[in-house]
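By the working numbering, the letter at position 175 of the sequence shown is numbered 176, and the numbering carries on one by one without gaps. Heads up, the beta-carbon is just placed ideally off N, CA and C, and yes, glycines get one too. These numbers come from a predicted model, not from an experiment. Okay, so here's the structure we're looking at.
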Amino acid sequence: MALITLSDAHLAYGDLPLLDEAALSIEPGERVGLIGRNGTGKSSLLSVLAGKQLLDDGQIQRQDGLIVHYVEQEPILPEAPTFRESLIARGNIESIADEKEKWRLYAKLDENLSRFELNPDGDPKLASGGERKRAALALAFTLAPQLMLLDEPTNHLDMRAISLLENICRDELKNQRSLVVITHDRAFLDNVATRIVELDRGTLRSYPGNFSAYEARKEEELAAEALERRRFDKFWAQEEVWIRKGIEARRTRNEGRVRRLEALRRERAARREQMGSIRLAIDAGEKSGKIVAEVTGLSKSFGNHVVVKDLDFTLMRGDRLGLIGPNGAGKSTLIKLILGKLKPDAGKVKLGTNLQIAYFDQLREQLDLNKTVAETIAPGSDWVEIGGERKHVIAYLGDFLFPPRRANVRVSSLSGGERNRLLLARLFALPANLLVLDEPTNDLDIDSLELLEQTLASYPGTIILVSHDRRFLDNVVTEVLAPEGNGKWREYVGGYAEWFAQRPAEALPVKKASPSKEEEKKAKPKAQVQQKIKLSWRESRELEALPEKLEALEKEQSDLIARMSEGSYHTKPVDEIKADKSRLDALENEISAGYARWEELSAKA
């Protein structure tokens, strides 16, 4: 018997139908991948299945006593001193009457938090978006419901966490437990899903197998649909010609044919066309020099954290370099070092000649929140020039799925996906022979992601790419740079799959759960600074205090970056966002000044 059945379901958002006579059933033991374009209503459907939203019309039947657990896209954790207490409240574990079962769940929760690299005694108020997502997933797998609903569970997760999530979903969901997951990670869908359900123009279509099996069948289906529509349109056009013939023809026409034409008109009017796709074209500009970047002895540390040490490599024209590694490994820092936006502690980066650089940063800091969408693309003009061709800004924005009414909307009111598309539109509006893309796939649906992939595959310039999307990396890059601990980075030929096959056993070790506050106090030794007579008493005290001060600044910087990376961050007030950006700039300056002062005092000591 099906766990949950949806029939003749109708749901609309304003005048936009999200579900239109939709039908779906979830069977025990299934792992369903729910896919569809952004804005089609996938999250709304998950909310309906979870019982958090009602249908406008139609029926939903649940198996008696069905236990469902829903992990939303941006999980909210109840206020509590620790992750453990917050999740106990979120999962309502205290209400369980069976004391033995309750204590089993407590122990299982601690175990799962550790598996997701979280300290059960950590403070949830300081958690980043990724940490909140991992905490909510740890609770979900602790409760082990009959039906688990996951909305974009791979968002904010690095490759290691995604791999762990995959293994749990595939290998540990047993005893007839089922899963419905929304994700744009095609490798995840290939490794986990037993069925793909696509939400397209209000209708739910089911495809057995994983994402690769879906792709093969969908291509054939779209071709058949296009052929059928061409036949329909041709027949309809012929009937319209017939009805408009002269008086003699109208005398002889039969009423049955007229009624059939009226039915054809109704059917054509009710047809819902597929949503448009973004249209990408990159102007590669002039050829750069043969050597794009030459890195020699590059080193950079933040306090005791060594990001990179003695790195040597050369980036040649036409190379497609992927930077991979866990969150916090230093991928974005390495990009800033290469581009000269951050000063190294040692070594140098020599950029090549005739470079035209387009840089996509994961925090979208290059977008002015007070400007309109049109001003962002063409400041002071109504036109942009793409590859030598002049194009009106409204038409160009249409290529990135911005309707004319959105052209004068301020950037501050855009969603994460819209900001991503706007930044891509801005980057591709200018010629560039070096594309530097830091997490460009965030918030893109699968169709847009694949189109970006195809566009980059035919791009003749040089690419530096940071992404946690394994399929995207495999299809775009030709070499990979990966961290191997203690600031060492190693170059591999090929994409993610080649790195995965060749990586050393100890590569990307699982991080230990962050220590509790009490453990930190016990473990942290006091800074011992040997001082020479050259330092004054005041300077000695200053040098002794610097490590702790810098550690606090770096912690604040890390927390602020994590908060600004969250999917819901764009909904915050503009003044708060501006204050955060201003504070981030100030922190970078304070940290740089702090290290400079530390070096100065250490040299005197």
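Taken atom to atom, the span from the alpha-carbon of tyrosine 71 to that of tryptophan 384 is near 46 Å. Residue environment for aspartate 16: exposed (fewer than 16 other C-beta atoms within 10 angstroms of its C-beta).
In this structure, alanine 51 places its C-beta atom within 8 Å of the C-beta atom of valine 69.
With fewer than 16 neighbouring CB atoms inside 10 Å of its own CB, proline 505 falls in the exposed class. With fewer than three CB-CB distances shorter than 8 Å, the region 163–179 does not count as touching the region 124–134. The region 434–458 is shown to contain whole alpha helix (DSSP H) runs of 4 or more residues at 447–458, in chain order.
Between the region 425–442 and the region 457–465 there are three or more inter-stretch CB-CB distances shorter than 8 Å, so the stretches are counted as touching. Taking 8 Å as the upper bound for CB-CB distance, glycine 42 and serine 8 are not in contact here, some 17 Å apart. DSSP places alanine 90 in the helix class (H, G or I) of the three-state scheme.
By the C-beta criterion, the region 401–408 is judged not to be in contact with the region 291–302, since fewer than 3 inter-stretch pairs fall below 8 Å. Beta-carbon to beta-carbon, aspartate 448 and valine 412 are separated by about 24 Å, too far to satisfy the 8 Å threshold. Comparing alpha carbon positions, the residue from Ile339, Val307, Gly290 and Arg91 closest to glutamate 485 is Val307. Residues Asp159 and Met160 of the same chain have their beta carbon placed closer than 6 Å to that of histidine 469, with the five preceding and five following residues left out of the count. Nearest Cα to aspartate 57 within the set Ser48, Ile94, Ser96 and Leu12: Leu12. Boundaries around serine 8 are those of the beta strand (DSSP E), 5–14, since no alpha helix (DSSP H) includes it. In this structure, DSSP gives serine 207 an extended state, which the three-state scheme calls strand. Look at lysine 101 here: in three-state DSSP terms it is helix.
Just so you know, the alpha carbons of tyrosine 497 and glutamine 239 end up roughly 54 Å apart. Spanning the alpha carbons of arginine 38 and arginine 542 requires a straight line of approximately 59 Å. In the DSSP annotation of this structure, the continuous segment of the alpha helix (DSSP H) that includes alanine 162 starts and ends at 160–172. Shown here for leucine 554: same chain residues with a beta carbon closer than 7 Å to its own, the five before and five after excluded, namely Leu588, Glu591, Ile592 and Gly595 in chain order. According to the DSSP assignment, leucine 322 belongs to the beta strand (DSSP E) that extends over 321–324. Here glutamine 239 carries a helix assignment [DSSP, helix/strand/coil]. Glutamate 221 and arginine 230 have their C-alpha atoms spaced approximately 14 Å apart. For tyrosine 71, the pairing in a beta bridge is given by DSSP as Leu150.
In this structure, alanine 90 sits near proline 79, with a CB-CB distance shorter than 8 Å. Non-local beta-carbon contacts of threonine 456 in its own chain, meaning distances under 8 Å to residues more than five positions away in sequence, involve Leu281, Ala282 and Ile283 in chain order.
Between glycine 495 and valine 481, the C-beta spacing is below 8 Å.
As DSSP reads the structure, tyrosine 493 sits in a beta bridge with Val481. Glutamine 74 and phenylalanine 212 have their C-alpha atoms roughly 21 Å apart. Collapsing the DSSP output to three states places tyrosine 460 in coil. Glutamate 601 is classed as exposed because its beta carbon has fewer than 16 other beta carbons within 10 Å across all chains shown. About 19 Å separates the Cβ atoms of leucine 148 and leucine 88, ruling out a contact at the 8 Å cut-off. Between the alpha carbons of glycine 123 and arginine 598 lies a gap of roughly 32 Å.
Here DSSP, grouped into helix, strand and coil, assigns threonine 377 to helix. For lysine 291, no alpha helix (DSSP H) run applies, since DSSP gives it neither H nor E.
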